[in-house]
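As given, the protein sequences belong to chains A and B, one line each in that order.
Each residue of the first sequence is one higher than the one before, counting from 1 in the numbering used here.
Each residue of the second sequence is one higher than the one before, counting from 1001 in the numbering used here.
Okay, so here's the structure we're looking at.
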Amino acid sequence: MMNTQLNEVTVSPTLVKKPVKKRHWNLSPYLYIGPHLILFLIFFLAPTIYGIYISFTNWDLVNKADFVGLANYKEILFNHESTFYDQLHTGLFNTFKFVLFTVPACVVVPLLLAAGLHAKPVGKNIFQALFYAPTLISVSAVMIIWSMLFNVTYGPITSYFHTETNWVGVQPYAWITLVIVTVWWCIGGNMVIYQAALNGISKDLYEAASIDGAGSIQKFFKITLPSMKNQLLYRIVITTVAQFNVYGQPLMLTKGGPTSTTTVLLMYIRGNAFGTGQSIAGIASAMAVILGLCIMVVAAIQFFFLRERN
Amino acid sequence: MLKKKSGSKIVAFLFLLLMAIIWIFPLLYTVFSSFKPEEDIQTKGFTFLPIHWVMVNYQEVLFHNTSAPLAKWFMNSVIIAVSQTLLVLVIVSLAAFGYTRLKFKGKNALFLFLMATMMFPSVVNLIPLYKIIDSLGWVNSYLAAIVPGAVGVFNIFLVRQFMTGIPKEFDESAKVDGASDFQIFIKIILPLIKPVLTVVALFTFTGAWNDFLWPSIVFNDVDKMPITPGLQLLQGMYAMDVGHALAAALIALLPTFLLYLFTQKYFVESLSLSSGVKG
C-alpha cells in the first residue's frame, strides 16, 4: 500500500493520464478471472454435474425430480421390451457407424489436399480458399444445398448420371450421401492445420533422403508422416469427438431414415427431452451420459493406442 | 532437379483441380439455381445456368413469408453473433491476463482444472442448461444464445499462450513507473494481443452464426429465432421449391463467407496458432 502511494507521485505522465483514478482501477486478480469463472460455473460446470445427477432421476423438465437410482440405465441398457432400449441401441449403433464412416475420410482427404498445396502449384491460394469455404457454412445451409443436389426430381445428380436413385431414401445410398456431404463440409480445418505442420518440416530432411536415393512415396511415409505425428494424433481425436456429436446432417438430409437406419443418438436425446409431449429428461440424460462416456473412452483409446505405437 | 520439381507441381495441380471441381460444384449450383424461376426448375429439366435470371426467390424468401421471416432471422443472428463476440473478447482477455500476469492462490491448479473440463462432453449439460435458461426467463431471448456459448475455455488457452510470449520486462518497466495492473492490461498487453484476439473474434462470430442444436432448443418463437435453426423450419416449407430454399441458404452463408474473404490472412494464421496445441 505504501509503495503504491509513493509511486503515484512519480508516475510517468505518458502512461497514466489521470493518476488520481489509479487506485480505483487497481482490481484484485479475482476481478479479472471472475467474469469468466462465474459464467463458466453457471453455464457449464453446474449443468454438467446436474446432468449426471438427473440421469438418476425421473425428471420431466417441469416437476420435482425423484431419485430412482440406476432405473434409467437398467431400462435403456437391458430392458428389451422398452422403446428406450431400442432407441439407445439404434442411436448409438448409428452414431458409431457415422464416426467409423466419416473419420478416416475427414483425416486422410485433407492430408492429400494439404500435400498437394504444399507443392505450391499455380492457384494455390484459390484452391486453399475453396476447400476451406464449406467449413464456414452452417450445417442447416449445407443440408439444404445437398438435399437439393440429391433431389430425385429436379436435382443435377439425377440429371447428370441418369439414375433414378433415391439417394437419401434408400440404403446404402443414404449412408453414402451422409459421408459425402460430411467430408465436403468439414475437411477445411484439418487441411489448414496439416499445411502448417508441413511447413514446419525441415527441408534438410528431404534433401538428405534424396541423396540416399529415397523416392517421394518413401519420403512421405518415412519423413512427412512421422514429422507431423503430433498434429495428426491431435486432429484424429478432435475429428472423432466432433463426429460423435453428429446431429444436423441426418436430421435434415435423411430425416433419420430409411426406417431409422440413420437416426443418431443425439436425435433421440433431443426428442425425448424437448420433443412434443411429455418430456422424459431423466431417460434422455442417461442416454447423454452414455454418449459422453463413449466419446471419452474412444478418445482415450485413440490417444493411448496411437501414442504407444511410436 | 528443376524438372522434377515442376513435374510434382503439375501432378499436384491436376489433383487439386479435380478436387476443386467437386468442391465448387455445390456452391455454383446454389448461386445459379437461386436465380432461376421456380417454373423453369420444375418444367425445363436441369440446366446448370438459369435460362431466365430472376430475383424473385430472394424477394419472396426475405420479405414475403411471415412463417419463415428470413430478414428478421438474419438480424437476430447479427445481434447474437456480434454480442457474443464482444462478450467473449472482454471476458477472455481479462481472464487470460489474470492467469498469466497476476499472482493469486491456486492459479495454476485452477487453470489446469479448467483445461481438464474441456474433455467433458457438452452433450451431458444440454438438458439442465435449458432448465437454467428457462428459470432465468431467457427462453426466446437473445441472451440464451449469447451467454452460454461464451464460457469456453479454449479461447482463454489460446490468448494465454500468446500472452506468455510477451516479455515480462514490458510490464515490469511500467510497474516501476507506477502503472497499476489494469493500466498495464489496457495500455501494454491489449494492443500487443490484437492478432490473437482477431482470431478469437473470427471463430466466435462464425461459431455463434452457425450454431444449430442449442438455439433450436431455446427458441420456439419463430420471430425471435436466429437464421441457422430457422433454415430447418424453412426447409420443411420449401421442400419442393428449389430456388427459394437455395436463395435462403445463400443469404445465410454470406456473412461468414465475406468475413473470411476480408480476413483470410488471420484465419490461416489462427489455425496454425491452434495447431501449436500438441496432443
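Even for Gly, the Cβ is constructed at its ideal location relative to N, Cα and C.
- In the structure shown, the three-state DSSP call for Phe150/A is coil.
- At least one CB of chain B lies nearer than 8 Å to the CB of Lys120/A.
- Per DSSP, the continuous alpha helix (DSSP H) segment holding Leu198/A begins and ends at 188-199.
- Sixteen is the threshold: when 16 or more other Cβ atoms of the shown chains lie within 10 Å of the Cβ of Thr262/A, as they do, the residue is buried.
- Apart from sequence neighbours up to five positions away, the residues of its chain that approach Val109/A with a beta-carbon distance below 8 Å are Val183, Ile187, ordered along the chain.
- In the DSSP assignment, Gly215/A falls outside any alpha helix (DSSP H), carrying neither H nor E.
- For Met1019/B, at least one C-beta of chain A is nearer than 8 Å to its own C-beta.
- Interface residue (Cβ-Cβ distance to chain B less than 8 Å): Thr182/A is not classified as such.
- Residue pairing for Phe67/A: DSSP places it in a beta bridge opposite Thr57/A.
- With contacts defined as CB atoms closer than 8 Å, Leu1016/B and Pro258/A fail to qualify as a contacting pair.
- For Leu1136/B, there is no enclosing alpha helix (DSSP H), as DSSP gives it neither H nor E.
- Contact annotation: in the region 32-51 of chain A, residues whose CB is within less than 8 Å of a CB in chain B are Tyr32, Ile33, Pro35, His36, Leu37, Leu39, Phe40, Ile42, Phe43, Phe44, Leu45, Ala46, Pro47, Thr48, Tyr50, Gly51.
- The beta carbons of Thr1100/B and Phe1205/B sit no closer together than 8 Å.
- Ala1116/B has a beta carbon lying at 8 Å or more from every beta carbon in chain A.
- The alpha carbon of Val1153/B has as its nearest neighbour, out of Leu136/A, Ala299/A, Leu37/A, the alpha carbon of Leu37/A.
- In this structure, Thr254/A lies near Val168/A, with their beta-carbon atoms less than 8 Å apart.
- Assignment of Gln278/A by DSSP, reduced to helix, strand and coil, places it in the coil class.
- Contact residues of the region 252-274 of chain A toward chain B are Met252, Leu266, Ile269, Arg270, Ala273, Phe274 (C-beta to C-beta distance below 8 Å).
- Not a single C-beta of chain A is nearer than 8 Å to the C-beta of Asn1140/B.
- Residues Ala197 of the same chain have their beta carbon placed closer than 6 Å to that of Met228/A, with the five preceding and five following residues left out of the count.
- Sixteen is the threshold: when 16 or more other Cβ atoms of the shown chains lie within 10 Å of the Cβ of Met287/A, as they do, the residue is buried.
- DSSP places Pro47/A in the helix class (H, G or I) of the three-state scheme.
- When DSSP states are grouped into helix, strand and coil, Trp1053/B belongs to the coil group.
- Counting C-beta atoms within 10 angstroms of its own C-beta, Glu81/A has fewer than 16 neighbours from the protein chains shown and is therefore classed as exposed.
- Inclusion of Trp1209/B and Pro1255/B in the CB contact set at 8 Å is warranted, their separation being smaller than that value.
- Cα atoms of Thr224/A and Leu77/A: separation of roughly 45 Å, rounded to the nearest angstrom.
- Among the residues of the region 1209-1221 of chain B, those with a Cβ less than 9 Å away from any Cβ of chain A are Trp1209, Asn1210, Asp1211, Phe1212, Leu1213, Ser1216, Ile1217, in the order of the chain.
- Pro1121/B has a beta carbon lying within less than 8 Å of a beta carbon in chain A.
- Taking 8 Å as the cut-off, the beta carbon of Phe1185/B is found no closer than this to the beta carbon of Phe1048/B.
- Here the region 132-146 of chain A makes contact with the region 1245-1254 of chain B; the two share three or more CB pairs at distances below 8 Å.
- For the options Gly1243/B, Leu1231/B, Val1242/B, the alpha carbon positioned closest to that of Gly248/A is the one of Leu1231/B.
- Asn245/A sits away from Val1139/B, with the two beta carbons spaced by 8 Å or more.
- Contiguous alpha helix (DSSP H) elements confined to the region 81-137 of chain A occur at 83-118, 124-132, taking only those with 4 or more residues.
- Under the three-pair Cβ rule at 8 Å, the region 1033-1048 of chain B counts as touching the region 153-162 of chain A.
- Around the beta carbon of Tyr132/A, 16 or more other beta carbons lie within 10 angstroms, which makes this residue buried.
- Around Ala1201/B, no beta-carbon contact reaches into chain A at under 8 Å, the shortest distance being about 15 Å.
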